[in-house]
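Below is one structure, written out as structure tokens; comments come after it.
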Amino acid sequence: GHTFTFALVASVSVLVIACPCALGLATPTAIMVGIGKGATEGILIKGGEALEISHKIDAVIFDKTGTLTKGELSVTDVFGTDDFTETDTLKYAASLEKTSEHPLAEGILRYAVEKGVEIPDASDFNSPGHGVEGTVEGRKTMLGSRKYMKDHEIDITPLEGKIISLENMGKTVIVLAVDHTVKGILALEDIIKESSAEAVKKIKQLGIEVYMITGDNERTAKAVASRLGIDKVFSEVVPEDKASYVKKLQGEGKKVAMTGDGINDAPALAQADVGIVMASGTDVAMESGQIVLMKNNVLDVLKAFKLSKQTMSKIRQNMFWALFYNTLGIPVAAGVLYPFTGMLLDPMMAGAAMALSSVSVVTNSLLLKYKKL
5 GHTFTFALVA
15 SVSVLVIACP
25 CALGLATPTA
35 IMVGIGKGAT
45 EGILIKGGEA
55 LEISHKIDAV
65 IFDKTGTLTK
75 GELSVTDVFG
85 TDDFTETDTL
95 KYAASLEKTS
105 EHPLAEGILR
115 YAVEKGVEIP
125 DASDFNSPGH
135 GVEGTVEGRK
145 TMLGSRKYMK
155 DHEIDITPLE
165 GKIISLENMG
175 KTVIVLAVDH
185 TVKGILALED
195 IIKESSAEAV
205 KKIKQLGIEV
215 YMITGDNERT
225 AKAVASRLGI
235 DKVFSEVVPE
245 DKASYVKKLQ
255 GEGKKVAMTG
265 DGINDAPALA
275 QADVGIVMAS
285 GTDVAMESGQ
295 IVLMKNNVLD
305 VLKAFKLSKQ
315 TMSKIRQNMF
325 WALFYNTLGI
335 PVAAGVLYPF
345 TGMLLDPMMA
355 GAAMALSSVS
365 VVTNSLLLKY
375 KKL
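Each step along the sequence shown adds one to the number in our numbering, with nothing skipped, and position 104 is 108.
Quick look at the structure:
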């Protein structure tokens, strides 16, 4: 029969030591440090959810233009037909592209200005996807992909050989038709970012599937993808369909990250489990993504995944220590050791032990800062 004092001391000690402060700190401190570490690396993570989901990702879709490539398309070749010179081809193409906001348009206009071509204004401009059309110098003019020409039943046979050889080089080929007859082609090339191939290789090493999505035709897309080591390609995708490809992979039970930079990537970024945006992207895309890469470096996609894995590992460690402390501390505070050692934990010591457990969890979280990505 122990005294009332003994019972009181033991019960107060148990109440103090059972306080789950450390458990409450285990997750938020790790996430806070993880997000902070991301920011110092130029990876802005909007909230803990994106950081938590990223370690479960098993498929990444990269938009080609502006993400894997620099998005600065420049004209490399211009060809006309017998009655239509290269200058005519450039003049008509630039006239249509004057009002377009497509990355291809910028490249064509820049080249036309460099060459000193006079650019007339186009009227009745329309941009139905895969191409643009309008009236230039009173003639019905169309400019777009091969698919666009096929859809409008325009015969591209006269230039098909040239088109195929340019596409095999990984160039994007635009076809010009005037009054329903093919008149010329322009080939544009985008420079692949130095870090892209390395990033793809390293992401694959993590066991994550890598896909590329682009509006380019299959031949161009495959030529670029093979340089990057990507074997899964979605080509000839119109902007509004990108989200459905994300959905399709999610339907197969995959956790999907979408990486893009343009207005037309926004629905796909919102649909993905994690949307990753290049900071060079549009405001709309930035709004839709949960992770923003300030350095526009594809390798940072890899860093974001690694950071997520490290943060989740810290959370598990914290949980373990907090539970371990409570499991060990409560019986000792209750006086389990008293019959053997005559030792009873007094409430002050219990308070110190509780504080120490919280400090150890916070310290463990802070160590995340020093882990290499």
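C-beta atoms are modelled at their ideal positions from N, C-alpha and C, and glycine is treated no differently. Remember, it's a predicted structure, so these values are computed and weren't measured experimentally.
Simplified DSSP assignment, three categories, for residue i
i	result
E137	strand
D265	coil
E213	strand
K226	helix
A126	strand
Y348	The sequence given here has Leu at residue 348, not Tyr. Coil, per DSSP.
T31	helix
F279	Before going on, a small fix: residue 279 reads as Gly here, not Phe. Reduced to three states, the DSSP call for G279 is strand.
F328	helix
M146	strand
T161	helix
V234	Checking the displayed sequence, the identity of residue 234 turns out to be Ile instead of Val. Note: I234 maps to coil in three-state DSSP.
F88	coil
A22	coil
P297	Reading off the sequence shown, one finds Leu at residue 297, where the question assumed Pro. If DSSP states are grouped into helix, strand and coil, L297 belongs with the strands.
T315	helix
T9	helix
V241	coil
T71	helix
T3	Since the displayed the chain opens at 5 and closes at 377, residue 3 lies outside it and no answer follows.
T93	helix
P132	coil
E105	coil
A54	helix
L370	helix
Environment of residue i [buried if 16+ CB atoms lie within 10 Å]
i	result
N172	exposed
L29	buried
R231	exposed
Y115	buried
K154	exposed
Y215	buried
P271	buried
N130	exposed
F10	exposed
D304	buried
A43	exposed
G120	exposed
L332	exposed
I207	buried
I295	buried
D265	buried
R223	buried
I168	exposed
F238	buried
V177	buried
Beta bridge counterpart(s) of residue i as assigned by DSSP
i	result
T185	V182
V79	L192
I65	Y215, M262
L48	V296
Test item: CB-CB of residue i and residue j under 9 Å
i	j	result
I217	I39	no
S312	L55	yes
L163	V179	yes
T73	I195	yes
S58	A308	yes
S369	N330	no
I35	G46	no
T91	V186	no
V79	I112	yes
D220	K246	no
G174	V82	no
L147	Y96	yes
K236	V302	no
V13	P335	no
Contacting residues, own chain, Cβ-Cβ under 6 Å from residue i (five flanking each side not counted)
i	result
D2	Since the first and last residues shown for the chain are 5 and 377, residue 2 lies out of range.
L210	none
K310	L377
V288	I267, A270
A229	M216, V237
Neighbourhood of residue i by C-beta distance below 7 Å, restricted to the same chain and skipping five residues each side
i	result
K258	D62, A63
G293	L273, G279, I280, V281
A354	S17, V20, I21, A337
C381	Past the boundaries of the shown model lies residue 381; the chain is included only from 5 to 377, so the question cannot be answered.
C23	M358
L372	A34, V37, G38, K41, Q314, T315, K318
N300	M282, A283, S284
A276	V250, V260, A261, M262
A109	E101
Sequence-distant residues of the same chain with beta carbon closer than 8 Å to residue i, five excluded per side
i	result
D125	S99, K102
I319	A30, T31, A34, I35
K151	H134, N221, E240
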